[in-house]
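Numbering (this note's numbering), first residue to last: 74 to 504.
Step one of this worksheet: look at the structure below.
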Ligand SMILES: *Cc1c(COP(=O)(O)O)cnc(C)c1O
């Protein structure tokens, strides 16, 4: 029993809890870095009383930082009222939230929302809807004949860890151990329009052609791959190919959405010239720290494919989550946090490039989703050094540090973070 660890007087309190953690949790996440206690704004304290400036925000989740008064009020008032009812019943917050998301996404009349509880679940819903859509395409497999419809995903894409979402997730190390996964998903080289063109060209109803493409699924900035933005020309080109072949475009905005990249959704970026998704998935930041996700299906026809009984989840549209999301969105709107994301992002990228740390080779990203690339692959050691000096960042790749602070971050917070980043030693050991 692990009780013995708690009383081991040679370990400080954090170390005792971490030993206990290890005894009772499966090891999928590796060893936690600290045991956290409480947060306020952009700062969080561990149980030993150390303070950290948080430039990760629970992986792009805590849009309003910690314990934001509007979020705490909405969450506690809703908890005191009703927290969960199941989908045999409706609640006002879930209806208001669905309407709000449709409005924010500029989705056309007849668009509908499906709520889930995480990013992976949002993409499961998107993929299931795409399957139903695929069955309506000419030459598609029905119960007795035709060809299976295909889904095209991108190299380096990340869509979640459940079996469906994992089937569209590129990284072999996390996907391969679970094969065979969903069939008829292909990985096409990101940012290579020729390759996407060729994949569509293989579509054919004849005996030698592959089946029709039901959907392309992609992120506009590949977050887990190291914050890699897709080229605007490429995104527009993929949209056109989807139009020409009647395929859906699923844009995974789980990490880029909810204001983080300087617009409500990354597909609304001006340089994309109005690229429209058919399905957009969202999660992470949407409820400011409450687990929630979902999809918006653009238009009546597509939405209608999810008819009664086709999909569901016990917690879907949970009023507690919906109230947290409404408070998060309302605060982002009224406190101008999207333009703050834009301005603080520019400040951050400029100051990082000018800070004189020769370990840094470039900085990329949009708004408050950014990565610094490193001269040698020491991201893990750099992350640990920053943590020891009071700054939370993330080693998103061996040679890249991700910076994704809460949207409430101030100009002084960015100054402070860069002041720590600039002192990261250049001679750290490689990962
Ligand atoms: C985090 C993430 C997911 C998975 O979300 P979970 O809530 O961890 O299931 C899916 N897609 C993208 C782009 C993500 O960043």
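We treat Cβ as the ideally placed atom computed from N, Cα and C, and that holds for glycine.
request  = Inspect the beta-carbon positions of residue 484 and residue 420 and report whether they are closer than 8 Å.
outcome  = By 1-based counting over the chain shown, the position of residue 484 is 411. By 1-based counting over the chain shown, the position of residue 420 is 347. Going by C-beta atoms, residue 484 is nearer than 8 Å to residue 420.
query = Alpha carbon to alpha carbon, what distance is there between residue 320 and residue 286?
reply = Taking the chain shown and counting its residues from 1, the one referred to as residue 286 is at position 213. Taking the chain shown and counting its residues from 1, the one referred to as residue 320 is at position 247. Distance from the CA of residue 286 to the CA of residue 320, rounded to the nearest whole angstrom, comes to 6 Å.
query = Measuring CB to CB, does residue 396 end up less than 8 Å from residue 130?
reply = Start at 1 with the first residue of the chain shown, and residue 396 comes out as number 323. Start at 1 with the first residue of the chain shown, and residue 130 comes out as number 57. Cβ distance not < 8 Å, so residue 396 and residue 130 don't count as in contact.
ask   = Do the CB positions of residue 480 and residue 402 come within less than 8 Å of each other?
value = Numbered from 1 along the chain shown, position 407 holds the residue referred to as residue 480. Numbered from 1 along the chain shown, position 329 holds the residue referred to as residue 402. Contact: no.
message = For residue 242, count the other beta carbons within 10 Å of its own beta carbon; 16 or more makes it buried, fewer makes it exposed. Which is it?
response = Translated into the one-based positions of the chain shown, residue 242 becomes position 169. By the 10 Å Cβ count, residue 242 comes out buried.
key: ligand 1 heavy atom lying under 7 Å from the CB of residue 355   = What you label residue 355 is simply residue 282 of the chain shown in a count that begins at 1. No, since every heavy atom of ligand 1 falls outside the 7 Å radius drawn around the Cβ of residue 355.
ask   = Would the C-beta of residue 328 count as close to ligand 1, meaning under 7 Å from any of its heavy atoms?
value = What you label residue 328 is simply residue 255 of the chain shown in a count that begins at 1. At least one heavy atom of ligand 1 is nearer than 7 Å to the Cβ of residue 328, so yes.
key: Short Cβ contact (8 Å threshold) for residue 231 with residue 476   = The sequence position of residue 231 within the chain shown is 158, counting from 1. The sequence position of residue 476 within the chain shown is 403, counting from 1. Not a contact, by the Cβ cut-off of 8 Å.
ask   = If you draw a straight line from the C-alpha of residue 345 to the C-alpha of residue 308, how long is it?
value = Counting from 1 along the chain shown, the entry for residue 345 is found at position 272. Counting from 1 along the chain shown, the entry for residue 308 is found at position 235. CA-CA distance, residue 345 to residue 308, rounds to 7 Å.
query = Taking contact to mean at least 3 C-beta pairs separated by less than 8 Å, is the region 146-162 in contact with the region 326-336?
reply = These segments do not touch.
message = Applying the 10 Å Cβ sphere with the 16-neighbour rule, what's the burial state of residue 487?
response = As a working note, residue 487 is residue 414 in the chain shown. Flag for residue 487 reads buried.
inquiry  = Would you say the beta carbon of residue 191 is closer than 7 Å to some non-hydrogen atom of ligand 1?
reply    = By 1-based counting over the chain shown, the position of residue 191 is 118. Yes, ligand 1 has a heavy atom inside 7 Å of this Cβ.
ask   = Just the Cα atoms here: how many angstroms apart are residue 182 and residue 422?
value = By one-based count along the chain shown, residue 182 stands at place 109. By one-based count along the chain shown, residue 422 stands at place 349. Straight-line Cα distance between these residues: approximately 38 Å.
task = Please report how far the alpha carbon of residue 108 lies from the alpha carbon of residue 135, in whole angstroms.
result = For this step, residue 108 is matched to residue 35 along the chain shown. For this step, residue 135 is matched to residue 62 along the chain shown. Approximately 18 Å between the Cα atoms of the pair.
ask   = In chain order, what residues of the same chain lie with their CB nearer than 8 Å to the CB of residue 312, ignoring the 5 residues before and after it?
value = On the chain shown, residue 312 is found 239 positions in, with the first residue counted as 1. Non-local C-beta neighbours of residue 312 in its own chain, meaning closer than 8 Å and more than five positions away in sequence, comprise 322, 348, 349, ordered along the chain.
ask   = If you run the structure through DSSP and keep just helix, strand and coil, what is residue 365?
value = As a first step, residue 365 must be located in the chain shown, where it is residue number 292. In the structure shown, residue 365 falls within a coil segment according to DSSP collapsed to helix, strand and coil.
ask   = Does the region 449-465 come close enough to the region 488-497 that 3 or more CB-CB pairs lie under 8 Å?
value = The region 488-497 vs the region 449-465: in contact.
message = Which complete beta strand (DSSP E) runs does the region 215-284 hold, if anything under 3 residues is left out?
response = Given a length threshold of 3 residues, each whole run of the beta strand (DSSP E) inside the region 215-284 is given here in chain order: 223-227, 258-261.
Three-way DSSP call (helix, strand, coil) for residue 75 in this model = For the purposes of this step, residue 75 is taken as the residue at position 2 of the chain shown. At residue 75, the pLDDT of 45 sits below 50, so the modelled position is not reliable; the number obtained from the coordinates is stated separately. DSSP places residue 75 in coil when its eight states are reduced to three.
query = Is residue 179 helix, strand or coil by DSSP?
reply = Taking the chain shown and counting its residues from 1, the one referred to as residue 179 is at position 106. Coil, per DSSP.
ask   = CA-CA distance, residue 216 and residue 337?
value = Stepping through the chain shown from its first residue, residue 216 is reached at position 143. Stepping through the chain shown from its first residue, residue 337 is reached at position 264. Only weak support exists for where residue 216 lies, its pLDDT of 49 falling under 50; the coordinates are left without a value.
task = Might you give, ordered along the chain, the residues of its own chain that have their beta carbon closer than 8 Å to the beta carbon of residue 363, omitting 5 neighbours on each side?
result = Mapped onto the chain shown, residue 363 falls at position 290. Result list for residue 363: 148, 393, 394, 397, 398, in chain order.
key: Under 8 Å between C-beta atoms of residue 386 and residue 189   = Here the question's residue 386 lines up with position 313 in the chain shown. Here the question's residue 189 lines up with position 116 in the chain shown. Yes, the pair counts as a contact, with Cβ atoms nearer than the cut-off.
request  = Work out the CA separation of residue 315 and residue 352 for me, nearest whole Å.
outcome  = Numbered from its first residue, the chain shown carries residue 352 at position 279. Numbered from its first residue, the chain shown carries residue 315 at position 242. The straight-line gap from Cα to Cα measures roughly 13 Å.
request  = Return helix, strand or coil for residue 124, following the three-state DSSP convention.
outcome  = Here residue 124 is taken as the residue at index 51 of the chain shown, counted from 1. Three-state DSSP puts residue 124 in a strand.
query = So residue 445 and residue 199 are in contact, right, with Cβ under 8 Å, and what is the actual spacing, rounded?
reply = As a position in the chain shown, residue 445 is number 372, starting the count at 1. As a position in the chain shown, residue 199 is number 126, starting the count at 1. About 31 Å separates the two Cβ atoms, so there is no contact after all.
message = Can you tell me whether residue 234 sits near ligand 1, meaning its C-beta is under 7 Å from at least one heavy atom of the ligand?
response = If you number the chain shown from 1, residue 234 lands on position 161. True, at least one ligand heavy atom lies under 7 Å from that Cβ.
task = Flag this pair as yes or no: are the beta carbons of residue 220 and residue 233 separated by less than 8 Å?
result = Position 147 of the chain shown, counted from the first residue, corresponds to residue 220. Position 160 of the chain shown, counted from the first residue, corresponds to residue 233. Contact flag unset, no.
inquiry  = Based on DSSP bridge pairs, tell me the residues matched to residue 139.
reply    = Translated into positions along the chain shown, residue 139 becomes position 66. Beta-bridge pairing links residue 139 to 114.
query = CA-CA distance, residue 91 and residue 282?
reply = Looking up residue 91 in the chain shown gives position 18. Looking up residue 282 in the chain shown gives position 209. One C-alpha to the other measures close to 55 Å.
key: DSSP beta-bridge partners of residue 187   = Within the chain shown, the letter at position 114 stands for residue 187. BP columns for residue 187 point to 368.
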